[in-house]
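Participant: I am attaching a structure below and will ask some questions about it afterwards.
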Amino acid sequence: MSSATNYFIFNLAISDLGILLISLPAYIIRDYFSWSFGKIACQIIIPMNDVSFSVSICTITVITLERYRAIVAPFKPRLKARGGKLTIALIWVLTYLSVGFPMAFYMELTKVDDRLICLPKWPSNIVFKILTCFFISLIIIPLCITAVAYIIMIKTMRKQSKRLREARERRHSAGIGSTVSLKHVQERHRHDYNAKLVKMLIIIVVVFWICMLPLSILAFVVEFFVIDPRKPVVDGLFTLSIAVFFSNSAFNPVAIYIMSSDLRKGINTLLFFGRKRCKKNGIPHI
């Protein structure tokens, strides 16, 4: 799990788990119960959903660009594990400063039907429209970047596969089919690894955008076309879109663990190392 890509994928799983374990329970409490954790918790916990969501988008974009560089320009210097860790830290810090920190100032405890609800209180409708446009651009721009990048990557990999196949056929026709150069083996191995990784990432990216776009489009339409969100049909669409939104966070960690053998080995190593340490120190592992 020592490559930058694996650290990025692991960070994507962590941000999704943050949405599942922190944001989802907080939203359930906010919408169906009275908020009893105080204003400070309201200002910290609720904005973390937008932070984790933004981190997921930025991480997917960074993974795409890193794979794009590895496939389209394979001879350029690769991003090392240390650089990957620094990039992840930078993503979290910048995302919180640009999303979570500003939103904290707008979060207020509002009393509705004898319940305290943690909601953002916008100073004006203009501010809300600006923030809505910001979040929509945070979705649309990375969507365009990832779509174009993966199209170019797929075309490049098809050309590479064709070139490797033609080289193999030339060796067979020359009667040296049993002789395989080290360079060819390395190219074949790199191509197969990239193909497997890109296939996994395309699945994750496609599912991500399928789950994210409905809620984003609905929020944009309701806000800018002045549709009453309290209408039964609109409220039902919001409920369905939110459910689809959170389902992506349940899908990603499981899909990543199943499809990424390198990451799975790394996580298993960490878990078994922890178990060995517990046994070594005489602490029973339950």
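In our numbering, the protein residues as written are 17 to 302. Glycine included, C-beta positions come from ideal geometry on N, C-alpha and C.
What runs of the beta strand (DSSP E), each 3 residues or longer, lie entirely inside the segment 226-275?
Facilitator: Runs of the beta strand (DSSP E) inside the segment 226-275: none found.
Participant: Using only CA atoms, which one of Ile-220, Ile-146, Leu-256 lies nearest to Ser-72?
Facilitator: Looking at the Cα atoms, Ile-220 is the closest of the given residues.
Participant: Measuring straight from C-alpha to C-alpha, what distance separates Asp-32 and Asn-268?
Facilitator: Roughly 7 Å separates the two Cα atoms.
Participant: Output the boundary residues of the alpha helix (DSSP H) element that contains Ile-107.
Facilitator: 97-111 is the span of the alpha helix (DSSP H), which, as asked, contains Ile-107.
Participant: What's the gap between the Cα of Ile-243 and the Cα of Val-109?
Facilitator: When rounded, the distance between both Cα atoms is 35 Å.
Participant: Check whether the segment 53-73 and the segment 97-112 are in contact - that is, three or more C-beta pairs closer than 8 Å.
Facilitator: Touching, per the Cβ criterion.
Participant: With 16 as the cutoff for other CB atoms within 10 Å, does Gly-34 come out buried or exposed?
Facilitator: Gly-34 is buried by the Cβ-count criterion.
Participant: Measure the Cβ-Cβ separation of Glu-124 and Leu-135 and say whether it is below 8 Å.
Facilitator: Cβ distance < 8 Å, so Glu-124 and Leu-135 count as in contact.
Participant: Residues in its own chain within less than 7 Å of Phe-254 by CB, not counting five upstream and five downstream?
Facilitator: So the list reads Leu-234, Pro-245, once near-sequence residues are dropped.
Participant: For Phe-236, which residues of its own chain have a beta-carbon under 6 Å away from its beta-carbon, when the five flanking residues on both sides are left out?
Facilitator: Answer for Phe-236: Ile-152, listed in chain order.
Participant: To the nearest angstrom, how far is it from the Cα of Pro-94 to the Cα of Ile-87?
Facilitator: In the sequence under discussion, the amino acid at residue 94 is Arg, which differs from the Pro named in the question. Taking the straight line joining both Cα atoms gives about 11 Å.
Participant: Measure the beta-carbon distance from Thr-75 to Asn-27 and round it to whole angstroms, keeping in mind my assumption that it falls under 8 Å.
Facilitator: 5 Å between Cβ atoms; contact.
Participant: Grouping DSSP H, G and I as helix and E and B as strand, with all else coil, what is Lys-308?
Facilitator: Not covered by the structure: residue 308. The range shown for the chain is 17 to 302.
Participant: So who's on the other strand from Ile-133, going by DSSP bridges?
Facilitator: Answer is Thr-126.
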